[in-house]
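*Asks:* My questions all concern the structure below.
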Amino acid sequence: MAERMRLLWVPALLVLAAGCGQRPAAQPAAEGHASAHATATAEPPPVAGWTGLAALDPCTLLGPQDRSAAGVSVLGKPKSIAGDRACDWTVPGTFGVTVTLSDTDSLADLEVARKTATKTKVGTHQALQVADKKAADGTCAVLLGVGDAASVQIDVSNTGFSDTPLACRRAGTVAGLVEPKLP
Numbered sequence: 119m120a121e122r123m124r125l126l127w128v129p130a131l132l133v134l135a136a137g138c139g140q141r142p143a144a145q146p147a148a149e150g151h152a153s154a155h156a157t158a159t160a161e162p163p164p165v166a167g168w169t170g171l172a173a174l175d176p177c178t179l180l181g182p183q184d185r186s187a188a189g190v191s192v193l194g195k196p197k198s199i200a201g202d203r204a205c206d207w208t209v210p211g212t213f214g215v216t217v218t219l220s221d222t223d224s225l226a227d228l229e230v231a232r233k234t235a236t237k238t239k240v241g242t243h244q245a246l247q248v249a250d251k252k253a254a255d256g257t258c259a260v261l262l263g264v265g266d267a268a269s270v271q272i273d274v275s276n277t278g279f280s281d282t283p284l285a286c287r288r289a290g291t292v293a294g295l296v297e298p299k300l301p
């Protein structure tokens with residue numbers, strides 16, 4: 119039995135060793151609405167010595183006081199969205215918010231339909247608010263530019279997919295809480 123348990127650990131250790139020091143490959147930005155489809159895989163925390171967005175863990179960007187201010191009563195769950203590190207907070211029966219960090223796509227690189235985007239500024243960062251008011255689907259995103267080659271995306275979806283203005287207020291609140299922590 120002990121020999122069998124040792125054999126089960128060998129492949130796991132090889133997988134872990136093979137992934138050390140490597141970053142996930144970047145994926146192209148999603149087209150159309152700012153939201154992207156998520157995969158269920160969790161991303162490892164950032165590696166010491168990295169700088170910029172690479173040094174941030176998206177799940178730590180909303181601390182307990184921030185979550186309370188944003189109406190989020192749950193802990194975030196790490197995930198990967200199109201190869202980017204993200205964290206998802208889902209408040210049952212109310213709304214969900216996802217914060218995604220892209221180390222490779224600047225605000226200008228993101229493909230956003232012009233008719234749904236409004237230029238704005240959050241703190242010291244240039245930003246876009248993205249919502250399809252005609253669709254009135256209860257979703258809104260705030261995209262923050264970080265330097266010349268990175269961005270942060272805050273997506274909010276209301277339960278029942280209604281009340282887009284509320285989704286935008288929630289996305290704006292979360293963007294305001296996250297922005298001071300960005301490089």
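With positions in the sequence shown counted from 1, the corresponding number in my numbering is that position plus 118. Here a beta-carbon is modelled for each residue, glycine too, at the ideal position from N, C-alpha and C.
Could you tell me how far apart the beta carbons of Val296 and Val217 are, in whole angstroms, since I believe they sit closer than 8 Å?
*Replies:* So it is a contact: roughly 6 Å between Cβ atoms.
*Asks:* Using only the alpha-carbon positions, how far apart do Ala235 and Pro283 sit?
*Replies:* If you take the alpha carbons of Ala235 and Pro283, they lie about 14 Å apart.
*Asks:* Just the C-alpha distance for Leu287 and Leu261, rounded to the nearest angstrom, thanks.
*Replies:* Checking the displayed sequence, the identity of residue 287 turns out to be Arg instead of Leu. Whole-angstrom Cα-Cα distance: 14 Å.
*Asks:* Distance check for Gln271 and Lys195, CA to CA, integer angstroms please.
*Replies:* Cα-Cα distance, rounded: 16 Å.
*Asks:* With three or more C-beta pairs closer than 8 Å as the rule, is the region 221-241 touching the region 183-197?
*Replies:* With the cut-off at 8 Å, the region 183-197 and the region 221-241 do not touch.
*Asks:* Excluding five sequence neighbours on each side, which residues of the same chain lie with their C-beta closer than 8 Å to the C-beta of Gln183?
*Replies:* Here the set comprises nothing.
*Asks:* Quick one: measure Cβ to Cβ for Gly256 and Ala285, integer angstroms, because I've assumed they're closer than 8 Å.
*Replies:* Yes, they are in contact, since the Cβ atoms of Gly256 and Ala285 sit about 5 Å apart, within 8 Å.
*Asks:* My understanding is that Pro301 touches Val264, with C-beta atoms under 8 Å, so please give their C-beta distance in whole angstroms.
*Replies:* The Cβ separation is near 6 Å, so the contact holds.
*Asks:* Give me, in chain order, the residues of the same chain whose beta-carbon lies closer than 8 Å to that of Ala245; leave out the 5 immediate sequence neighbours on both sides.
*Replies:* Around Ala245: Leu225, Lys237, Thr238, Lys239, Val260, Leu261, Leu262, Gly263, Ala293.
*Asks:* Just the Cα atoms here: how many angstroms apart are Ala289 and Ala249?
*Replies:* So the alpha carbons of these two residues sit roughly 10 Å apart.
*Asks:* Under three-state DSSP, which class holds Asp202?
*Replies:* Asp202: strand per DSSP, three-state reduction.
*Asks:* Using 10 angstroms around the beta-carbon of Gly167, count the other beta-carbons present and answer buried if the total reaches 16, otherwise exposed.
*Replies:* For Gly167, the pLDDT reaches just 44, beneath the cut-off of 50, and the residue's location in the model is therefore unreliable, although a value from the coordinates is still provided. By the neighbour-count rule (16 or more Cβ atoms within 10 Å), Gly167 is not buried but exposed.
*Asks:* Run through DSSP, which three-state label would Gly241 get?
*Replies:* DSSP places Gly241 in coil when its eight states are reduced to three.
*Asks:* In whole angstroms, give me the CA-to-CA distance for Ala212 and Ala204.
*Replies:* It is Thr, not Ala, that sits at residue 212 in the sequence shown. For Thr212 and Ala204, the distance between alpha carbons rounds to 20 Å.
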